[in-house]
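So the sequence shown is numbered by my numbering: it starts at 77 and just counts up by one.
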Amino acid sequence: MYELEYPSPDMSASDTEGPTLIVALQGYADAGQAIDASAQHILAALEHGLVASFNNDELVDYRSRRPTVVLDHNRIADVDPLEIGLHVVRDNAGKPFLLLTGPEPDMRWSAFTKAVADLAERFGVSQTLCLYSAPMAVPHTRPLVVTAHGNIPELTGKHFTLDSRIHIPGAASLMLERALDERGKNVGGLTAHVPHYLAASDYPLATLRLLESLSDDAGLSIPLGTLQADADRVMQQLSSQIDDAPEIHQVVRALEQQYDRELERYEASQESAALDFEAIPSGEALGEAFEQFLATFDPPNDSDSLENGDSDK
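This is the structure:
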């Protein structure tokens with residue numbers, strides 16, 4: 077299924093906490109090419125080394141995911157490899173983390189999931205964060221939302237969450253999340269909500285917001301200056317194109333109104349939940365209040381009880 081590099085790259089760190097595993101597999105929920113761009117940006121911007129390489133012939137259907145071939149002056153000059161690999165990366169502060177990247181496997185999901193979960197245990201991974209990017213009915217003129225899911229309270233507590241039961245197509249990353257959860261490991265996912273009319277184009281803002289969230293949640297220092305410049309450039313281009321197309325402007329305006337309504341509804345539901353939670357006293361508070369209530373009554377006097385005709389029978 078995979079081959080480990082020898083000697084294995086150094087993953088030592090100054091702290092005792094194990095590394096974070098980032099899963100950025102291409103091919104599923106990659107609106108705006110945010111997942112592929114996130115992985116490529118990390119590898120281009122930071123020091124890294126290969127830890128394990130997976131056997132592509134066992135996992136990839138080349139007829140459905142054909143590699144790009146470069147034909148130069150009648151000769152095959154290059155073939156763009158499809159490689160699934162686990163890399164150790166060091167952020168700007170020297171903190172190591174693991175990055176699983178490459179095309180999502182077409183086959184043998186169960187075996188692949190087990191292999192990755194085993195590698196996570198082998199290298200003492202403290203938490204796993206999977207990256208997704210989904211096309212949504214949202215406008216590009218409003219803040220890009222990143223939602224979170226998983227079994228890590230610190231992750232879901234700081235992001236928007238979809239607190240409902242939904243059905244979505246399966247993916248190798250989602251299978252890995254379930255397997256790690258069943259093993260009692262910390263695992264979660266971050267999903268960038270990309271305007272559906274931009275899902276087929278490169279959308280650097282989605283990459284930027286995903287990596288910002290990732291940096292914050294995993295405590296990593298990832299350089300993002302070039303992504304910010306790319307995001308600003310694309311936003312300027314979009315504004316110029318929309319100004320020249322009134323019909324597109326109307327569509328965006330309708331999405332803005334829908335976005336604002338949904339945001340107000342979400343915030344209201346969160347405030348209501350918080351108020352309801354705060355209104356429920358703790359067990360200690362209930363006990364103290366009950367004791368104070370009993371203290372307001374004087375203990376019964378035996379002579380008073382007899383005068384009132386009360387006696388033991």
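Every residue gets a Cβ at the ideal spot worked out from N, C-alpha and C, and that includes glycine.
**Q.** Spatial distance of isoleucine 160 from valine 327 (CA atoms)
**A.** One alpha carbon belongs to isoleucine 160, the other to valine 327, and they sit about 39 Å apart.
(Q) According to DSSP, is serine 84 part of a helix, a strand, or is it coil? (A) In the structure shown, serine 84 falls within a coil segment according to DSSP collapsed to helix, strand and coil.
Q) Out of Ala268, Lys190, Pro157 and Leu101, which has the shortest C-alpha to C-alpha gap to alanine 224? A) Considering only alpha carbons, the answer is Ala268.
Q: Could you have a look at glutamate 197 and say whether DSSP puts it in helix, strand or coil?
A: In this structure, glutamate 197 counts as helix in the three-state DSSP scheme.
Q) In three-state DSSP terms, what is proline 271? A) Three-state DSSP puts proline 271 in a strand.
Q) Where does asparagine 262 fall in DSSP's three states? A) Shown here, asparagine 262 sits in a strand according to DSSP, grouped into three states.
Q.
For a test of the three-state rule: what should DSSP assign to arginine 218, helix, strand or coil?
A. Of the three classes helix, strand and coil, the one that applies to arginine 218 here is coil, per DSSP.
Q | Collapsed DSSP secondary structure at proline 418 in the structure displayed | A | An answer regarding residue 418 cannot be provided, because it is not within the stretch 77 to 389 covered by the chain.
**Q.** Range of the contiguous alpha helix (DSSP H) that encloses threonine 204
**A.** Looking at the DSSP string, threonine 204 is not in any alpha helix (DSSP H); the run it does join, the beta strand (DSSP E), is 203 to 212.
Q) When you compare each of Glu288, Ser297 and Thr204 to arginine 254 by their alpha carbons, which one comes out closest? A) Checked all of Glu288, Ser297 and Thr204; the closest Cα to arginine 254 is Thr204.
Q: Please work out which residues of its chain come closer than 8 Å, Cβ to Cβ, to asparagine 227, disregarding the five sequence neighbours upstream and downstream, and give them in chain order.
A: Cβ neighbours of asparagine 227 within its own chain (closer than 8 Å, five residues either side excluded): Asp257, Asn262, Val263 and Gly264.
Q: Rank Ser202, Leu126, Ala193 and Cys206 by C-alpha distance to the C-alpha of glutamine 102 and give the top, closest one.
A: If we check each option's Cα against that of glutamine 102, Cys206 comes out closest.
Q: Compute the distance between the beta-carbons of valine 221 and serine 289, then report whether it is under 8 Å.
A: Inclusion of valine 221 and serine 289 in the CB contact set at 8 Å is not warranted, their separation being larger than that value.
Q: Alpha carbon to alpha carbon, how far is threonine 96 from phenylalanine 188? Give it in angstroms, no decimals.
A: Going from the Cα of phenylalanine 188 to the Cα of threonine 96 covers about 19 Å.
Q | Start-to-end residues for the alpha helix (DSSP H) that takes in isoleucine 152 | A | According to the DSSP assignment, isoleucine 152 belongs to no alpha helix (DSSP H) but to the beta strand (DSSP E) extending over 151 to 155.
Q. How should isoleucine 356 be labelled, buried or exposed, when 16 other C-beta atoms within 10 angstroms of its C-beta is the threshold for buried?
A. Because the pLDDT of isoleucine 356 is 43, which lies under 50, any placement of that residue in the model is unreliable, and the number read from its coordinates should be weighed accordingly. Counting Cβ neighbours within 10 Å, isoleucine 356 comes out exposed, since fewer than 16 surround it.
(Q) If the criterion is Cβ atoms closer than 8 Å, does the pair proline 211 and alanine 115 meet it? (A) 8 Å or more divides the Cβ of proline 211 from the Cβ of alanine 115.
(Q) Out of Met251, Ser315 and Arg218, which one is the CA nearest neighbour of leucine 339? (A) Answer by Cα proximity: Arg218.
Q.
Within the continuous beta strand (DSSP E) that includes valine 145, where are the two ends?
A. DSSP places valine 145 in the uninterrupted beta strand (DSSP E) bounded by 145 to 148.
Q | Selected residue, minimal CA-CA separation from alanine 282, among Asp182, Ala169 and Ser209 | A | When C-alpha distances from alanine 282 are compared across Asp182, Ala169 and Ser209, the shortest belongs to Ser209.
Q | Own chain residues within Cβ distance below 6 Å of alanine 401, not counting five before or after | A | There is simply no residue 401 to check, as the chain begins at 77 and stops at 389 in what is shown.
Q: Would you mind reading off the limits of the alpha helix (DSSP H) that contains glutamine 317?
A: Its alpha helix (DSSP H) spans residues 301 to 319.
Q: For glutamate 354, count neighbouring C-beta atoms within 10 Å of its own C-beta (all shown protein chains included) and say buried if the count is 16 or more, exposed if not.
A: With a pLDDT of 44 at glutamate 354, under the threshold of 50, the predicted position of this residue should be treated as unreliable, and no value is reported.
Q: Tell me whether isoleucine 118 sits in a helix, a strand or coil according to DSSP, three-state version.
A: Residue state, collapsed to three classes: helix.
Q: Would you check if the distance between the CB atom of methionine 77 and the CB atom of aspartate 137 is smaller than 8 Å?
A: Their beta carbons are not under 8 Å apart, which means methionine 77 does not touch aspartate 137 by this criterion.
Q: Check whether the segment 165 to 182 touches the segment 296 to 313, taking contact to mean three or more Cβ pairs, one atom from each stretch, closer than 8 Å.
A: The segment 296 to 313 and the segment 165 to 182 touch, with three or more beta-carbon pairs separated by less than 8 Å.
Q: Return the CA-CA distance between aspartate 148 and leucine 158, expressed in angstroms with no decimal places.
A: Cα-Cα distance, rounded: 20 Å.
Q. Name the DSSP beta bridge partners of valine 99, please?
A. Its beta-bridge partners are Leu176 and Cys206.
Q: Would you kindly work out how many angstroms separate the C-alpha atoms of leucine 286 and isoleucine 118, rounded to a whole number?
A: Rounded to whole angstroms, the separation of the alpha carbons of isoleucine 118 and leucine 286 is 12 Å.
Q.
Per DSSP, what are the beta-bridge partners of threonine 223 in this structure?
A. Phe236 and Thr267.
Q. Which residues bound the alpha helix (DSSP H) around leucine 135?
A. Following the DSSP letters along the chain, one finds leucine 135 inside the alpha helix (DSSP H) bounded by residues 132 to 135.
Q. Leucine 174 and isoleucine 98: beta carbons closer than 8 Å?
A. Contact: yes.
Q. Which residues in the same chain as alanine 181 place their Cβ atom closer than 6 Å to its Cβ, once the five residues preceding and following it in sequence are excluded?
A. Going by the sequence as given, residue 181 is proline instead of alanine. If we look at proline 181 and ignore the five residues flanking it on each side, its Cβ neighbours are Leu135, Phe188 and Ala248.
Q) Smallest Cα separation from glutamate 343: which of His235, Val214, Ile111 and Ala128? A) For the residues His235, Val214, Ile111 and Ala128, the minimum Cα distance to glutamate 343 belongs to His235.
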